[in-house]
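Trainee: Numbered per the numbering used here, the sequence shown spans residues 158 to 262.
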Amino acid sequence: MKITCIIALAALVASSINNMALADGASLYVEKNCIACHGANGNKPVMDAYPRIGGQSEIYLLMQMKDIKTGTRNNNHALAMKNIMNNVPDEDMAAIASWLSRQIQ
Ligand code: HEC
Numbered sequence: 158m159k160i161t162c163i164i165a166l167a168a169l170v171a172s173s174i175n176n177m178a179l180a181d182g183a184s185l186y187v188e189k190n191c192i193a194c195h196g197a198n199g200n201k202p203v204m205d206a207y208p209r210i211g212g213q214s215e216i217y218l219l220m221q222m223k224d225i226k227t228g229t230r231n232n233n234h235a236l237a238m239k240n241i242m243n244n245v246p247d248e249d250m251a252a253i254a255s256w257l258s259r260q261i262q
């Protein structure tokens, strides 16, 4: 009985953490204005030259965000996004990357 309760509690905590990450990523994506360029779910970019990022792997998305923020990834195009990233702390990037990776292309 005790074990069943512990398992049920653990499952509940795990699912609410997962839901929190999903909810945060979705609202941060709008709040931080990513949607202005990358469009709904990261898959409707406002210009053909802007990448589709919905459904991309989480780790890749996070790496690119960090590289653009730090200037490691640097071209005339990335500059459009770099200023935005200055207002996106690492934990927000992780939440957005997690949510984006679950969006269907
Ligand atoms: C002003 C327009 C603009 C805004 C706002 C913007 N981006 Fe971008 N983003 C771009 C452009 C342009 C590129 C491509 C840069 C390049 O070619 O190096 C890019 C690239 C990316 C990439 C890498 C994609 C790949 O395939 O390598 C990710 C991930 C990304 N953006 C996420 C975000 C997130 C998350 C936000 C919000 C916090 C955001 N962007 C806000 C324009 C924007």
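Cβ atoms here follow ideal geometry from the backbone N, Cα and C, with glycine treated the same way.
Flag this pair as yes or no: are the beta carbons of Ser-258 and Gln-213 separated by less than 8 Å?
Mentor: Against a cut-off of 8 Å, the Cβ pair of Gln-213 and Ser-258 comes out as a contact.
Trainee: Identify the continuous alpha helix (DSSP H) that holds Met-250 and give its terminal residues.
Mentor: Start and end: 247-258.
Trainee: Throw me the rounded Cβ distance for the Tyr-207 and Cys-194 pair, which I believe falls under 8 Å.
Mentor: Indeed they touch by this definition, with Cβ atoms about 5 Å apart.
Trainee: Check whether the Cβ atoms of Met-204 and Ile-225 lie closer than 8 Å to each other.
Mentor: Not in contact: Met-204 and Ile-225 (Cβ atoms no closer than 8 Å).
Trainee: Is the closest heavy atom of the ligand HEC to the C-beta of Gln-260 under 7 Å?
Mentor: Answer for Gln-260: no, Cβ out of range of the ligand HEC.
Trainee: Quick one: Cα of Val-245 to Cα of Ala-251, how far?
Mentor: If I take the Cα positions, the gap works out to 10 Å.
Trainee: Using the Cα positions of Tyr-217 and Gly-211, report the straight-line distance between them to the nearest angstrom.
Mentor: Taking the straight line from one Cα to the other gives about 12 Å.
Trainee: What would DSSP say about Asp-205, mapped onto helix, strand or coil?
Mentor: Correct three-state label for Asp-205: coil.
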